[in-house]
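Worksheet for the structure shown next.
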Amino acid sequence: MDFIIDAAVKAIKHLYQIDVAPAAIGLQETRKEFDGQITIVTFPFTKFSRKGPEQTGTEIGEYLLSELKEVAAFNVVKGFLNISLNDEYWIGQLYNEILPDSFAVAKPNGQKVMVEYSSPNTNKPLHLGHVRNNLLGFSVAQILAAAGYEVIKTNLVNDRGIHICKSMLAWQKFGNGETPESTGMKGDHLVGKYYVLFEKELRVQLAPILDRIYEKNDLSLFKEGQKVKIEALLNSIDKLKVKKQTTPEANTKAIDELNDKIGADQDKIKEIAKGATQLMIETQQMLQQWEAGDAVVMDLWRTMNGWVYAGFAETYKQMGVDFDKYYYESNTYLLGKDIIEEGLEKGVFFKKEDGSVWIDLTADGLDEKLVLRSDGTSVYITQDMGTAQLKYNDYHMDKSIYVVGNEQDYHFKVLFLILNKLGKAGADGLFHLSYGMVDLPSGKMKSREGTVVDADDLMAEMETTAKEQTEAMGKVDGFSEEYKLQLYHTIGMGALKYFLLKVDPKKRLLFDPNESVDFQGHTGPFIQYTHARIKSVLSRADYNAGIKTDIAALDGVERDLIVLLTQFPTVIQDAANGYSPAIVANYVYELAKTYNKFYHEKSILQAEDETLKQFRLQLSASSAKVISQGMALLGIDVPERM
RNA sequence: GCACUCGUAGCUCAAUUGGAUAGAGCGUCUGACUACGGAUCAGAAGGUUAGGGGUUCGACUCCCUUCGAGUGCACCA
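Now the structure itself:
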């Protein structure tokens, strides 16, 4: 559409003697209720023309009509100049742009981008939240690649730390030597089982300790500093309880708030008290042994992580995601200390009396943030600084995307700010793709309350539902068993992936496990069905992509379809710029819907003459191609038959 | 308490980043060719865009404010 923008710039120069930037010409699609395909908003130019928006629009319109052979007509409604391009132009678009294999294949833009996603902990299986993360990360990587970037997909595996030790300890104590082989369980689920067992046992051990705190006021188990904290919390709780009693019962809101605060304080006490359980003491010891490289612990760690990796590999395969590079925290958790030195020298960080190192971000509207403990060990953000440096050293990428939930917004704000202040190469290209949590109707998923939706279970259920739906429609007669299995997977995953990706990543997402994901309407299977139907028509016809037919005029739906198809490359760029698969998802749906309308209104195989038939076949084939490519950007396959 | 994010039809989501009479799907109701696949298509009903104020030729979009929801505020990761 650049030629219209250029012409509009010339029109304004010619008519009003003003130079406007091409970007100032806001082209948009003409809304369905008006004639035309392209619209220019003329309000911004009235200050140059010193005329009303209608007259300005008319003047520009007349200029375009006389200067551009592609412009067939125009009309002006208020400040909107609606332009109709002639059918010859649109038909030319189909043959010269859309039909060739080069359509929507971006030239390499010479830029490298890293997309880090998934990044699981190795102590339990993946759940629905991870599914959103994985699908988003994979799709964004596909979109960026289609937009011309060289993409590196990475997975930063959190394979060490206290949570893995919990699973390890529980297995040691209660496992009786169980293995994935001996139980037939998937490795990640087996390890997760022991994590749950750990938490269960921990609660048992915690009860008497809490009893001593609340009932007997006995704090002898705790160190001085902890005692002070607990006493302060107990005090706070007492005050809140008094306040609660003096609050009228009718004021339910105030009561709820007080209860929340009491609950929060009690949780804090619980956290401290956990540290006094035998189980946590042993877990801490195990972590120290791990850090010291104790042979037995290391061996167990390697074994159990191995189980988990085998399990994850299966889940990733089902999900259809993959990675170019794995980073492991066991290798990176000590990184970042040299950056601390560097920051101190540059005066970006400062050291407190106890030896801890901080950065003052109050000038940027944030807080003071600890970057190194007083004992000289790293914290989370120290590692991340080091890992960012490591990644950059490995790839020298222009951009680096972190696909991480929005609960870590603050962390990444701080991390990027620090790297910027340190003047690190690549710091400008850092981006946190922050996505919303997946909520259940009951609220947030909580592993402790057993309300998590397991990724493997979910995918299996989707396949089962796909099978039931397909069989109920009696459409699988004559399909081989092998093809059917493949098909159920394609449809089930298509429904799930589309459901999760059609929503703007930033927004939180509601998932109701009791209400199965739809297969009709604005869904993946709807789009897959459209594709299969086109393929069915094509296979019945002697379709030839090469023949250029001589169509004189287009009908409304046909033109709409071509207009939509021409937008595909722009959609890819927009989605890449916004890191949003939702843009692609909504576009492909719009395309499928428009195709279905065309399909119902126009006969293809029984077209009036052979020329028209070939043309409609070409239009159909183009639609199938774009649907298939668009869905591939979402990581969704489209079947030939379903 | 402080900070950030969000609030659009009964439900789940759009709205070309400040543009036209706010659009889809599900659900509800009505209808569709003896032709290419009915997981489809056509139509109806459904809205004070949470409330109020402001900026603008123009506001779902930007600013202020009230209400409501979520998240974050560890020498955890």
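To convert, note that position 193 of the first sequence is 193 in the UniProt record's numbering; the numbers rise steadily by one, no gaps.
Every residue gets a Cβ at the ideal spot worked out from N, C-alpha and C, and that includes glycine.
In this chain, the alpha helix (DSSP H) harbouring S139 covers 128-146. Residue H489 holds the alpha-carbon nearest to the alpha-carbon of D637 among H489, T594, F519.
The DSSP-derived three-state label of M462 is helix.
With 16 or more other Cβ atoms inside 10 Å of its own Cβ, H130 counts as buried.
Here P569 has F103, A104, A106 as same chain residues with Cβ atoms under 8 Å from its own Cβ, once five neighbours each way along the sequence are excluded. DSSP places K369 in the uninterrupted beta strand (DSSP E) bounded by 368-372. Residue range 581-601 is occupied by the alpha helix (DSSP H) that includes Y589. About 4 Å separates the CB atoms of L81 and G57; that is less than 8 Å, so the two are in contact. The shortest CA-to-CA distance from G429 to any of V296, A460, L419 is the one to L419. In this chain, the alpha helix (DSSP H) harbouring G311 covers 295-319. In summary, I340 is buried, with 16 or more beta-carbon neighbours lying within 10 Å of its beta-carbon over all protein chains present. Per the C-alpha coordinates, the member of K112, K173, F416 positioned closest to V151 is K112.
For A621, the CB contacts under 7 Å within the same chain, skipping 5 residues up- and downstream, are L538, Y543, A545 in chain order. A distance below 8 Å between beta-carbons, with the five flanking residues on each side excluded, links M1 to the following residues of its chain, in chain order: L27, I38. Between the C-alpha atoms of L136 and A585 there is a straight-line separation of about 12 Å.
Taking a contact to require three or more Cβ pairs closer than 8 Å, the stretch 275-288 and the stretch 154-171 qualify as touching. Within the stretch 377-462, the complete beta strand (DSSP E) segments at least 3 residues long are 399-405, 430-435, 438-440, listed from N- to C-terminus. DSSP, read as helix, strand or coil, puts N176 in coil. By the Cβ-count criterion, D454 is buried, with 16 or more other Cβ atoms from all chains shown falling within 10 Å of its own Cβ.
A residue is called buried once 16 or more other Cβ atoms fall within 10 Å of its Cβ, and Y327 is buried on that count. Assignment of beta-bridge partners to L81 by DSSP yields I40, V76. Apart from sequence neighbours up to five positions away, the residues of its chain that approach L633 with a beta-carbon distance below 8 Å are S139, Q142, I143, A146, I572, A575, P581, V584, ordered along the chain. Under a 10 Å Cβ-count criterion, A207 is classified as exposed, with fewer than 16 other Cβ atoms of the shown protein chains found around its own Cβ. Shown here for V438: same chain residues with a beta carbon closer than 6 Å to its own, the five before and five after excluded, namely L128, G129, R132, L509, F511 in chain order. Per DSSP, V157 is not a residue of any alpha helix (DSSP H); the beta strand (DSSP E) it occupies stretches across 150-157.
Within the stretch 9-61, the beta strand (DSSP E) runs of at least 3 residues that lie entirely inside it are, in chain order, 27-29, 38-41. Put simply, the backbone Cα of A23 is about 8 Å away from that of I5.
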